[in-house]
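Peer 1: Just passing along the structure, written as structure tokens.
Numbering (our numbering), first residue to last: 3 to 226.
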């Protein structure tokens, strides 16, 4: 059916957009780890790819709504596609911000051998990959795992803050580097939030449940 083909093309475009974000995140992680300013510049340039894909996804989704008039789960899928697309585009912007801070840090002496930021980067990458897998497989189980991981990222952000504050208090010359590192940590936290948003949209598509802004401890039982 043409309708199913249209839905598949929309899904493929979203997956291409998600794959681009994952690739950019890998390059960002390497640029930050190695202090490679050229690698960071490449990521910044690639943001145009994400913007182009965003327009493509929006156009495909609008056409489906206008021409096919989907209902029930198909309608939820298309409306979720708009929101997931927005989250992915914002991820691209955040990666640009991280790379800009990475370029600035590459010109400064290393503050210390930092352990928490790479841990945050790895966890955030895993969350994004799992959120996209949840979307591909329409898996609320994977979505619930993403929601759980978001709490861990929040806790790591708090640890980064307290550690950097302690360093900056004892060494005023470390303030500039410390602030840049903290901004990167906050950007990683925002990436995790966007991965969480995608997981929530998966739950909405599959179950018809709107679990946004839910602050109860633990995943919603209905997800399983």
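Beta carbons are placed, not taken as given, at the ideal position from N, Cα and C, and that holds for glycine. What you are looking at is a predicted structure, and each value in this text was computed from that prediction instead of being measured.
So the alpha helix (DSSP H) residue 171 belongs to, where does it begin and stop?
Peer 2: Stepping through the chain shown from its first residue, residue 171 is reached at position 169. Per DSSP, residue 171 belongs to the alpha helix (DSSP H) from 142 to 172.
Peer 1: Count the other C-beta atoms from every protein chain shown that fall within 10 angstroms of the C-beta of residue 219, then say buried if there are 16 or more, exposed otherwise.
Peer 2: Residue 219 sits at position 217 when you count from the first residue of the chain shown. Low local confidence applies: a pLDDT of 49 at residue 219 is under 50, so the model's placement there is unreliable, and no value is given.
Peer 1: Alpha carbon to alpha carbon, how far is residue 62 from residue 9?
Peer 2: As a position in the chain shown, residue 62 is number 60, starting the count at 1. As a position in the chain shown, residue 9 is number 7, starting the count at 1. The straight-line gap from Cα to Cα measures roughly 9 angstroms.
Peer 1: What number of angstroms, rounded off, separates the C-alpha of residue 103 from the C-alpha of residue 200?
Peer 2: Translated into positions along the chain shown, residue 103 becomes position 101. Translated into positions along the chain shown, residue 200 becomes position 198. About 26 angstroms.
Peer 1: Using the three-state DSSP reduction, which class does residue 51 fall into: helix, strand or coil?
Peer 2: Numbered from 1 along the chain shown, position 49 holds the residue referred to as residue 51. Looking at residue 51 - three-state DSSP - the assignment turns out to be helix.
Peer 1: So, with DSSP's three-state summary, where would you put residue 82?
Peer 2: On the chain shown, position 80 is the one that residue 82 refers to. It is helical.
Peer 1: If we call anything under 9 angstroms between Cβ atoms a contact, is residue 82 one with residue 207?
Peer 2: For this step, residue 82 is matched to residue 80 along the chain shown. For this step, residue 207 is matched to residue 205 along the chain shown. Yes, these two residues count as a Cβ contact at 9 angstroms.
Peer 1: Looking only at C-alpha atoms, which of 137, 151, 187 and 152 sits nearest to residue 165?
Peer 2: Counting from 1 along the chain shown, the entry for residue 165 is found at position 163. Closest option to residue 165, Cα to Cα, is 187.
Peer 1: Does DSSP put residue 120 in a helix, a strand or coil?
Peer 2: As a working note, residue 120 is residue 118 in the chain shown. Looking at residue 120 - three-state DSSP - the assignment turns out to be helix.
Peer 1: Around the Cβ of residue 36, are there at least 16 other Cβ atoms within 10 angstroms (buried) or fewer (exposed)?
Peer 2: Numbered from 1 along the chain shown, position 34 holds the residue referred to as residue 36. The residue in question, residue 36, is exposed, as its Cβ has fewer than 16 Cβ neighbours within 10 Å.
Peer 1: Please report the Cβ distance between residue 23 and residue 52, rounded to the nearest whole angstrom; I am assuming they are in contact, meaning their Cβ atoms lie under 8 angstroms.
Peer 2: Start at 1 with the first residue of the chain shown, and residue 23 comes out as number 21. Start at 1 with the first residue of the chain shown, and residue 52 comes out as number 50. With 8 angstroms as the limit, residue 23 and residue 52 qualify as a contact, their Cβ atoms being about 7 angstroms apart.
Peer 1: Give me, in chain order, the residues of the same chain whose beta-carbon lies closer than 8 angstroms to that of residue 226; leave out the 5 immediate sequence neighbours on both sides.
Peer 2: Here residue 226 refers to the residue found at position 224 when the chain shown is read from its first residue. Reliability fails at residue 226, whose pLDDT of 48 lies under 50, so the model's placement of it is uncertain and the value that follows must be treated cautiously. Only 142, 143 and 146 meet the Cβ criterion.
Peer 1: What residue does the alpha helix (DSSP H) around residue 10 start on, and which one ends it?
Peer 2: The residue you call residue 10 lines up with position 8 of the chain shown. 4 to 36 is the extent of the alpha helix (DSSP H) around residue 10.
Peer 1: Nearest-angstrom Cα distance between residue 66 and residue 80?
Peer 2: Within the chain shown, the letter at position 64 stands for residue 66. Within the chain shown, the letter at position 78 stands for residue 80. Cα-Cα distance, rounded: 8 angstroms.
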